[in-house]
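Trainee: Please see the structure below; I have some questions.
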Amino acid sequence: MPFADYVTDPLQYEFMKRALIEVILMGAVTGAIGAYIVLRGLSFIGDALSHAIFPGIVIAFLLGQSIFLGALAFGVLTSAGIAVIATNARVKEDSAIGVLFAGTFALGVVLISSSKNFTRDLASFLFGNVLGVTTHDIWLSAIVGAIVIVLMVLFYKELLITSFDRVAAQAMGLPVFWLDLLLLVMISLTIVVSLRAVGNILVVAMLVTPAAAARLLTDRFPIMILLSSGIGALSGVLGLFISYHNDVAAGGTIVLVATAIFGLVWLFAPEHGWLTSRLPRRLSGAEAETRILFESPEIQTHTRSSQ
Amino acid sequence: MVLSAPVAPNGASHDDCLAIRDLTVAYGRKVVLQGVHADIRRGQAIGVVGPNGGGKSTLLKAVLGIAPVVSGRISLFGRPASEMKSHMAYVPQREAVDWDFPVTVYDVAMMGRYPRTGWLRRPGRRDHDVVRDMLERVDMLEHRNRQIGQLSGGQQQRVFIARALAQEADVLLLDEPMNGIDASTQEVILAIIEEQREAGKIVLLATHDLVSASCACDCLCCVNERMVSYGPLDETYTPENLSQTYGGPVIMLGRTDVPEPMHTHHAGDHAHHHHTHENLGGEHD
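Those protein sequence lines, which keep their order, are chains A and B.
Under the numbering used here, the residues of the first sequence are numbered 642 to 948, in order.
Under the numbering used here, the residues of the second sequence are numbered 14 to 298, in order.
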């Protein structure tokens, strides 16, 4: 099939156009916030928040309300819970996360068992259903995504120094607790945006993988955010097309593309790549000359006798 | 006799001091530092010395308001220290920093301007000017675009000093700045402490390096879970006091008995060496 058809063929369907917009939004926002998750070692929190959102969705479904609002409410509540429980020095933060995420997920399981016909919606929640997005969903994703990006820009300085040098941030008098909570709420919002596209189980991959790849490509934080955002969106687009033409699940394919991009970057990144850093470096002209000079036996003898 | 505002024993008004009153710091129920009492005037540099775990860093963090103070008060220029955070600049221990973080030398120095820049604002022209000046001062301007993990230990320390200087604060708190650095960086740090004192700033230097403390500071604050002693070098930089602080005999290499520390530093090499040998040979006082 010619390349043009590979791209235009799926886009004759309205649901594919909507899906395309949705995955681009999702990839860009998860990639951007992912930079903070990767640098602060918050992967576990990302995973935990995505599970903690589960009961919010079940309750909203049972009450006939928007599942996005239910998810959002639980995401924010869990973020606050983690931040508050971790202020007790006896409970380490990862324990606090473990307690809350298992507890809230269990609440979701108990609630879901009271409903008879939840199976189909459960599957779409767990694995995403990007082909089923409505215009309403896209607007919601765009607005929530825009809020996250605007918060990132407004609090760039404060989030940067809190992530990089927490003690200095405290010493400067910054409200570190509230900034942590802000970041957790932003992550929750991002997860809510991603549920339609990749689902609850795989969203952590979109929060971590593009940012981990971007970190290997740059030593500048703003560039890392942009690259990560771009890799996220690219994974979404490629994954969507590949899944359409091969008739496989979109969410899983998107994550596989992101994983493949990470693999390539891990091997071939210009400075930090596994292969690139092991290949014999091509010497510049001056370096090669110096090496010949010092490695030639006559010079060495000469140097020794002159001492 | 005229009654006036409370006056500290050294003659300075509290309004001009970093005043620490009966400070006790505890993590949970474990008291890590107690009985700290000091009035530090503008232009003074205090060496905070003592054994590892003795509370050097804790004292600095208490002043900065990031250690749990259970009793006592700390005030700066007559106001509670907690309201004066923007007047204090802190250089953390090197171990406390994530060196893999993708920030450049310039980014880190600019962080010193954040308290002045304020919420929702971007650094302005003056912020950039100050950052450039301070990087120039520590000789790191040419490395401004490098990621901080690619620097040597001494260069990293200079960047954090530049960040603290960029805060243009009244109190400079340095936590073990001499760890893992080269001799030229050590010179830079000692010179900066001297400059800060001349500019009327207060310097707190926590270090286990007694020699640099005695070179850079005019007072020592000796801590070992409590304040053992506090006072000018000629009273505190003595074998008796230091062995009491460290709980065992202390060998003081290169002790010079010169009360004004920077004199030693700038004194002619000949005189300095002579003095050193004399002290190593035995007590002649």
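Using N, Cα and C, we set each Cβ at its ideal position, and we do this for glycine too.
These numbers were taken from a predicted model, which means no experiment stands behind them.
For a contact defined as C-beta to C-beta under 8 Å, what are the partners of I79 (chain B) on chain A?
Mentor: What I79 (chain B) touches in chain A: V808, Q811, A812.
Trainee: Residues of chain B with CB closer than 9 Å to the CB of I872 (chain A), please, in chain order.
Mentor: What I872 (chain A) touches in chain B: nothing, since even the nearest Cβ is about 15 Å away.
Trainee: Give the residues of chain A in contact with S99 (chain B), contact being defined as C-beta atoms less than 7 Å apart.
Mentor: Near S99 (chain B) (Cβ distances below 7 Å), the residues of chain A are G814.
Trainee: Please report the Cβ distance between V143 (chain B) and I174 (chain B), rounded to the nearest whole angstrom; I am assuming they are in contact, meaning their Cβ atoms lie under 8 Å.
Mentor: With 8 Å as the limit, V143 (chain B) and I174 (chain B) do not qualify as a contact, their Cβ atoms being about 14 Å apart.
Trainee: Locate the beta strand (DSSP E) running through D52 (chain B), then write down its first and last residues.
Mentor: Element bounds for D52 (chain B): 43-54.
Trainee: Name, please, each residue of chain B whose Cβ falls closer than 7 Å to the Cβ of D860 (chain A).
Mentor: P115, Q160, listed in chain order.
Trainee: Where do the N-terminal and C-terminal ends of the alpha helix (DSSP H) with M123 (chain B) fall, by residue?
Mentor: First-last of the alpha helix (DSSP H) with M123 (chain B): 118-124.
Trainee: Using three-state DSSP, classify P696 (chain A) as helix, strand or coil.
Mentor: Helix at P696 (chain A).
Trainee: So, does the stretch 893-912 of chain A touch the stretch 680-697 of chain A, judging by three or more C-beta pairs under 8 Å?
Mentor: With a cut-off of 8 Å, the stretch 680-697 of chain A and the stretch 893-912 of chain A do not count as touching, because too few Cβ pairs lie within range.
Trainee: Any idea what DSSP makes of P252 (chain B), helix, strand or coil?
Mentor: Helix at P252 (chain B).
Trainee: Go ahead and label T728 (chain A) buried or exposed: buried means 16 or more other beta carbons lie within 10 angstroms of its beta carbon, across all protein chains shown.
Mentor: Answer is exposed; the Cβ neighbour count stays below 16.
Trainee: What are the start and end residues of each continuous beta strand (DSSP E) run of 3 or more residues lying completely inside the stretch 198-239 of chain B, in chain order?
Mentor: Listed in chain order, the complete beta strand (DSSP E) runs (minimum 3 residues) inside the stretch 198-239 of chain B are 215-219, 232-236.
Trainee: What do you get for F754 (chain A), buried or exposed, if any count of 16 or more other CB atoms within 10 angstroms of its CB means buried?
Mentor: Position check: residue 754 (chain A) holds Ser in this sequence, whereas Phe was assumed. With fewer than 16 other Cβ atoms within 10 Å, it is exposed.
Trainee: Taking the beta strand (DSSP E) that M101 (chain B) belongs to, which residues open and close that run?
Mentor: Per DSSP, M101 (chain B) belongs to the beta strand (DSSP E) from 101-104.
Trainee: Alpha carbon to alpha carbon, how far is A102 (chain B) from E248 (chain B)?
Mentor: Those two C-alpha atoms are separated by around 28 Å.
Trainee: Please state whether the Cβ-Cβ distance between L830 (chain A) and V771 (chain A) is less than 9 Å.
Mentor: In this structure, V771 (chain A) does not lie closer than 9 Å to L830 (chain A) by Cβ.
Trainee: Counting C-beta neighbours from all protein chains within 10 Å, is the total for F742 (chain A) 16 or more, i.e. buried, or is it exposed?
Mentor: F742 (chain A) is buried by the Cβ-count criterion.
Trainee: Can you tell me whether G880 (chain A) is helix, strand or coil according to DSSP?
Mentor: Three-state result, G880 (chain A): helix.
Trainee: CB of L217 (chain B) to nearest heavy atom of the ligand FAD: below 8 Å?
Mentor: The ligand FAD is not among the ligands present in this structure, which contains no ligands whatsoever.
Trainee: Against chain A, with Cβ distances strictly below 9 Å, would A58 (chain B) count as a contact?
Mentor: Answer no: the Cβ-Cβ gap between A58 (chain B) and chain A never drops below 9 Å.
Trainee: Under 9 Å between C-beta atoms, does I802 (chain A) make it to chain B?
Mentor: For I802 (chain A), the answer is yes, since a Cβ of chain B falls inside 9 Å of its Cβ.
Trainee: Would you mind working out which of A:I708, A:G769, A:I726 sits nearest G749 (chain A), comparing C-alpha positions?
Mentor: Ranking the options by Cα distance to G749 (chain A), first place goes to A:I708.
Trainee: Here's a check: name, in chain order, each residue in its chain whose Cβ is nearer than 8 Å to the Cβ of V76 (chain B), leaving out the five neighbours to either side.
Mentor: Counting only Cβ-Cβ distances below 8 Å, and skipping sequence neighbours, we find L31, I33, I87, A94, M101, V184, L186, L217.
Trainee: Determine whether the Cβ of K798 (chain A) lies closer than 9 Å to any Cβ atom of chain C.
Mentor: The question asks about chain C, but that chain is absent: this structure's protein chains are A and B.
Trainee: Of all the CB atoms in chain B, is at least one closer than 9 Å to the CB of M865 (chain A)?
Mentor: M865 (chain A) counts as touching chain B.
Trainee: In angstroms, rounded to a whole number, what distance separates the CA positions of D888 (chain A) and K658 (chain A)?
Mentor: The straight-line gap from Cα to Cα measures roughly 17 Å.
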